[in-house]
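Residue numbers for the sequence shown follow UniProt numbering, beginning at 1 and rising by one. All C-beta atoms in this analysis are idealised placements derived from N, C-alpha and C, irrespective of residue type, glycine included. Each remark here refers to the structure printed beneath this line.
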Amino acid sequence: MSLDENTQIFVTESHELLEDMESALLDLERSPNDADLINRVFRAAHTIKGSSGLFGFDHIVEFTHVAENLLDDVRNCLVPVSGDLISLFMRVKDHISLLIQSVVDDSEVNQEENKALLEMLNAFKAGSGDATGVVCENNANDSDAGEDPDEDVKGKVKSEDWHISIRLGIDTFRQGFNPQVMFNQIKELGEIKKARLVTEVIPLLNDVNSESCFMGWEIILTSSEDKNTISEVFEFFDDAKIDILPPKSHINDYKEMIKNLPDDDLVIGQILVEIGALTENELQQALNQQKEEGGLTGDILIEQGSIQPEVVDTVVEKQKKIRNEKQRELSFVRVDSEKLDVLVTLVGELVISGAKVSQMAEHREDDELIESMEEMMTTLEEMRESALGLRMVPIANTLNRFNRVVRDISKDLNKKIRLEITGGETELDKTVIERIGDPLTHLIRNSMDHGIELPAERVLAGKEEEGVIHLKAFHETGTIVIEVIDNGKGLDAEKLFSLAKERGLVKEGDDLSDKEIYNLIFEPGFSTAKTVSNISGRGVGMDVVRRNIEALRGSVAINSEKNIGTTISIRLPLTLAIIDGFHVRVADESFIIPLDMIDECVTLTEDQKEEVKSHNYINLREEVLPLIRMDDYLGIQNSHAKTSRINVVVVQFAGKKLGLLVDELDGEAQAVIKPLGRVFQGVRGFAGFTILGSGQLALIMDIPDLVKSAIQREKTEHKNQYRPQEDIEVTKPLIH
């Protein structure tokens, strides 16, 4: 379904509100007395309901209305906060998300789930839910108010007026309703002291439809009627959003109303008058005093006893929020991600074209043109960095969603598990972030199921009952590393090796290090679970995790210590588009090495040239450096005969070094990564290709894979010549 711009904004903002609702619910479970958290959940449901009504999404309005009613009872301390209530609203949040998705997909709603949740919400509201939770602390105020309704009870606002907030539905006119009739009925109930048209619901002129209603009002009414009588005026406005606040309501109700007011540039006095917490006369007295003596309006109103400090503080927060949001709106522009992808692609092509022109200038030996091209290439590099930066987003949103995953699964497993997150500000390419969520989910589920022990087992092992899973993200040498760390029972290398033998993955005589054994977990069909559950145990998933990460040019590895815990490390490139490279040649062939993986370039001495004739390593400053002869690796004969110099490019990945023997070093070059295609799928050692300024094609070396090849070769062929380096996590071919 193709959505118009306004509807797309509704969908995006609703999902943001649902994320905030989930975050507040998780915090509320730990702090059930926190009124601000309850209000955050209520405000999210309330806003989604109102916005849905404006767009005519009645099925969302009907469902969120019932949820909102229960939340209102929670706010008023009529329903306690309990584990069951939190779990119910987690399901409510998920269902609202599906309802919104049904708008996007133009699909049917799951009526059975809808009906079941409505019944559960009504059951809680009727008092048949879990009544063993924590009751908020406002009940005392309610009971006190019952003893003397005319007394200025602490916690109440001294207002004699009703406040009515109205947002009519988009189909009000089509349904035959006239807002003027509604106003006439309100006038019959009392005196309308103030009625302000809300303009925030009015769209741009191009989007206005004469048959659609975009009206809303904030009304102050003086009336002796009760709430039921006033509510009857609006009973036929099914898709309208109506909020009615009685006189002398609790401070929290006014604070919530202030937060839900339109984001208009009103001064503090105007806001207090608009919600009915202050009369025009009280405001005028304060303004007169301010004119004579100076000072802040809010402070003067508090000194006069006209308003409580808590209400003034909420208005000040509202004003700050409006200012910050307006500044944010001026600073940010919503852009379709596809447009960013096109921009990055065009910048990449511009880089290639610039390299061609630059090379032409050098061939012509035109100093003036060369200087101009150098300036242009500097600008191009800045443009490239800016374009790539547009696609970089913090990984926090992806990591934070696992709070819910850990909560739900820990309850299913009867385990106590806490999730800790660090490095959420770390930025990563949007494309990578979109595809890393599923692998991380599987790794966390595995850590919870296989890693963290049951509370009783942890106590017997001398640990705290509550296990901890730590999600950690950080930058390292041109890559981003994401670690899933648990303080569970760790991995048993002997047990894993035995299971691997049973499944035919290893042989009896195989000599594997502990790290190699741990990585057998990523083999298809390998599972340590004794029984199959809905969490894990079927032997599928970890191999898929590895394939998905490798498809992102990434790597995954495991490190573990028995009875201490396990660390699973994922290493990913920062971007999938353009890299800074170093151009080298072997015979007449060109290659690009990622610049951030180069440690140094060395020209071999005569002694070292003799050494490499018989060994696949050299002694570089008292350090054994494994070598790969790129001519042998590529099957190019006698490449070194063309030059008396033998150059070694020392590359590094994950702390391990390797020397690449090449003929020529041609300097730095920006490379636009292009896929090798299906014909070359599975080719090891190369990440893709790029087009040089000369128009020649150059393969991009996959350094992690080359490092792995060298280490494995040295372990098998030269065990007695030098101590081999340990296995490391390795990126597979970058492009498939």
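For residue 595, which residues of its own chain have a beta-carbon under 6 Å away from its beta-carbon, when the five flanking residues on both sides are left out? In the sequence shown, the residue the question calls residue 595 occupies position 595. Cβ within range, chain order: 580, 581 and 582.
Do residue 451 and residue 565 have their CB atoms nearer than 9 Å? Here residue 451 refers to the residue found at position 451 when the sequence shown is read from its first residue. Here residue 565 refers to the residue found at position 565 when the sequence shown is read from its first residue. By the CB criterion at 9 Å, residue 451 and residue 565 fall inside the cutoff.
Simplified DSSP state of residue 532, which is helix, strand or coil: Against the sequence shown, residue 532 aligns to sequence position 532. Confidence is the limiting factor: at residue 532 the pLDDT is only 48, short of 50, which leaves the residue's position unreliable, though a coordinate-based value still follows. Of the three classes helix, strand and coil, the one that applies to residue 532 here is coil, per DSSP.
Taking 6 Å as the limit between beta carbons, can you name the residues of its chain near residue 659, skipping five residues before and five after? As a working note, residue 659 is residue 659 in the sequence shown. Answer for residue 659: 625, 627, 648 and 650, listed in chain order.
Can you grab the Cα-Cα spacing for the pair residue 34 / residue 80, in whole Å? Position 34 of the sequence shown, counted from the start, is the residue given in the question as residue 34. Position 80 of the sequence shown, counted from the start, is the residue given in the question as residue 80. Using only the alpha carbons, I get a separation of about 12 Å.
For residue 704 and residue 546, what's the separation of their Cα atoms in angstroms? Taking the sequence shown and counting its residues from 1, one reaches residue 704 at position 704. Taking the sequence shown and counting its residues from 1, one reaches residue 546 at position 546. Taking the straight line joining both Cα atoms gives about 15 Å.
Is the separation between the beta-carbon of residue 666 and that of residue 584 shorter than 9 Å? Taking the first residue of the sequence shown as position 1, residue 666 is located at position 666. Taking the first residue of the sequence shown as position 1, residue 584 is located at position 584. Yes; because the gap between Cβ atoms is below 9 Å, this pair is in contact.
Residue span of the beta strand (DSSP E) that contains residue 216, given as start and end: Within the sequence shown, residue 216 is the residue found at index 216, counting from 1. Start and end: 216–222.
Where does residue 652 sit, in a helix, a strand or coil, going by DSSP? Numbered from 1 along the sequence shown, position 652 holds the residue referred to as residue 652. Residue state, collapsed to three classes: strand.
Every unbroken beta strand (DSSP E) within the region 364–441, with a cutoff of 3 residues, ordered by chain: Runs found: 392–394, 417–422 and 427–429.
Residue environment, residue 497, which counts as buried when at least 16 other CB atoms sit within 10 Å: Residue numbering aside, residue 497 sits at position 497 when the sequence shown is read from its first letter. Label assigned to residue 497: buried.
In or out: residue 742 buried (at least 16 other Cβ within 10 Å) or exposed? The requested residue 742 is not part of the displayed model; the chain covers only 1 to 736.
Beta-carbon contacts of residue 710 that lie in its chain and below 6 Å, excluding the five residues immediately before and after: Translated into positions along the sequence shown, residue 710 becomes position 710. The answer, listed in chain order, is 626, 628 and 658.
Please classify residue 669: does DSSP put it in a helix, a strand, or coil? Residue 669 sits at position 669 when you count from the first residue of the sequence shown. Strand at residue 669.
At what residues does the beta strand (DSSP E) containing residue 167 begin and finish? Working through the sequence shown from its first residue, we reach residue 167 at position 167. Looking at the DSSP string, the run of the beta strand (DSSP E) that includes residue 167 is 162–167.
Could you please give the first and the last residue of the uninterrupted alpha helix (DSSP H) stretch that includes residue 752? Residue 752 is absent from the structure shown; the chain starts at 1 and stops at 736.
Mapping DSSP to helix, strand and coil, what is residue 589? Within the sequence shown, the letter at position 589 stands for residue 589. Assigned with DSSP and collapsed to three states, residue 589 falls in strand.
Euclidean distance between Cα positions of residue 469 and residue 425: By 1-based counting over the sequence shown, the position of residue 469 is 469. By 1-based counting over the sequence shown, the position of residue 425 is 425. If you take the alpha carbons of residue 469 and residue 425, they lie about 19 Å apart.
Any chance the region 101–120 sits against the region 24–40, with 3 or more Cβ pairs inside 8 Å? The region 101–120, when compared against the region 24–40, does not touch it at the 8 Å Cβ threshold.
Find the nearest neighbour of residue 109 within the set 59, 342 and 574, judged by alpha-carbon distance. Position 109 of the sequence shown, counted from the first residue, corresponds to residue 109. Closest option to residue 109, Cα to Cα, is 59.
Which whole-angstrom value is the C-beta distance of residue 416 and residue 462, which I expect to be below 8 Å? In the sequence shown, counting from the first residue as 1, residue 416 sits at position 416. In the sequence shown, counting from the first residue as 1, residue 462 sits at position 462. Cβ-Cβ separation between residue 416 and residue 462: approximately 16 Å, too far for a contact (criterion under 8 Å).
Based on DSSP bridge pairs, tell me the residues matched to residue 678. Sequence index remark: in the sequence shown, residue 678 carries index 678 (1-based). In DSSP, residue 678 forms no bridge with anything.
Going by Cα to Cα distance, which pick from 633, 192 and 69 is closest to residue 241? Taking the first residue of the sequence shown as position 1, residue 241 is located at position 241. Residue 69 is the option with its Cα nearest to residue 241.
State the Cα-Cα distance for the pair residue 750 and residue 16, rounded to the nearest angstrom. Because residue 750 is not part of the residues shown, which for the chain are 1 to 736, the question remains open.
If you draw a straight line from the alpha carbon of residue 336 to that of residue 118, how long is it in whole angstroms? Walking along the sequence shown from the start, residue 336 turns up at place 336. Walking along the sequence shown from the start, residue 118 turns up at place 118. Their Cα atoms are separated by approximately 36 Å.
Taking the DSSP output, what are the residues bridged to residue 475? Residue 475 sits at position 475 when you count from the first residue of the sequence shown. DSSP output for residue 475 lists 480 as bridge partner(s).
Hey, residue 166 and residue 234: beta-carbon distance below 9 Å or not? Along the sequence shown, read from residue 1 onward, the residue named residue 166 stands at position 166. Along the sequence shown, read from residue 1 onward, the residue named residue 234 stands at position 234. Yes, the Cβ-Cβ distance between residue 166 and residue 234 is below 9 Å.
Within this structure, are the beta carbons of residue 480 and residue 395 separated by less than 9 Å? Along the sequence shown, one-based indexing puts residue 480 at 480. Along the sequence shown, one-based indexing puts residue 395 at 395. Yes, the pair counts as a contact, with Cβ atoms nearer than the cut-off.
Can you check which of these residues, 620, 186, 507 and 675, is closest to residue 698 by C-alpha distance? The sequence position of residue 698 within the sequence shown is 698, counting from 1. Proximity to residue 698 across 620, 186, 507 and 675 peaks at 675, based on C-alpha coordinates.
With distances taken from CA atoms, which of 683, 219, 190 and 182 is nearest residue 198? Numbered from its first residue, the sequence shown carries residue 198 at position 198. With distances taken between CA atoms, residue 198 lies nearest to 219 out of 683, 219, 190 and 182.
Could you tell me the alpha carbon to alpha carbon distance between residue 544 and residue 55, rounded to whole angstroms? As a position in the sequence shown, residue 544 is number 544, starting the count at 1. As a position in the sequence shown, residue 55 is number 55, starting the count at 1. When the Cα atoms are used, residue 544 and residue 55 turn out to be separated by approximately 41 Å.
Measuring alpha carbon to alpha carbon, tell me which residue in 211, 210, 231 and 170 is nearest residue 183. The residue labelled residue 183 in the question sits at position 183 within the sequence shown. When C-alpha distances from residue 183 are compared across 211, 210, 231 and 170, the shortest belongs to 231.
Just how far apart, CA to CA, sit residue 683 and residue 575? Working through the sequence shown from its first residue, we reach residue 683 at position 683. Working through the sequence shown from its first residue, we reach residue 575 at position 575. Cα to Cα, the separation comes out at about 22 Å.
Can you tell me the Cα-Cα spacing of residue 400 and residue 435, whole angstroms? In the sequence shown, residue 400 corresponds to position 400, counting from 1. In the sequence shown, residue 435 corresponds to position 435, counting from 1. For residue 400 and residue 435, the distance between alpha carbons rounds to 16 Å.
Contacting residues, own chain, Cβ-Cβ under 7 Å from residue 630 (five flanking each side not counted): Counted from its first residue, the sequence shown places residue 630 at position 630. Result list for residue 630: 586, 660, 661 and 662, in chain order.
9 Å Cβ cutoff met for residue 484 and residue 454: Along the sequence shown, one-based indexing puts residue 484 at 484. Along the sequence shown, one-based indexing puts residue 454 at 454. No, the Cβ-Cβ distance between residue 484 and residue 454 is not below 9 Å.
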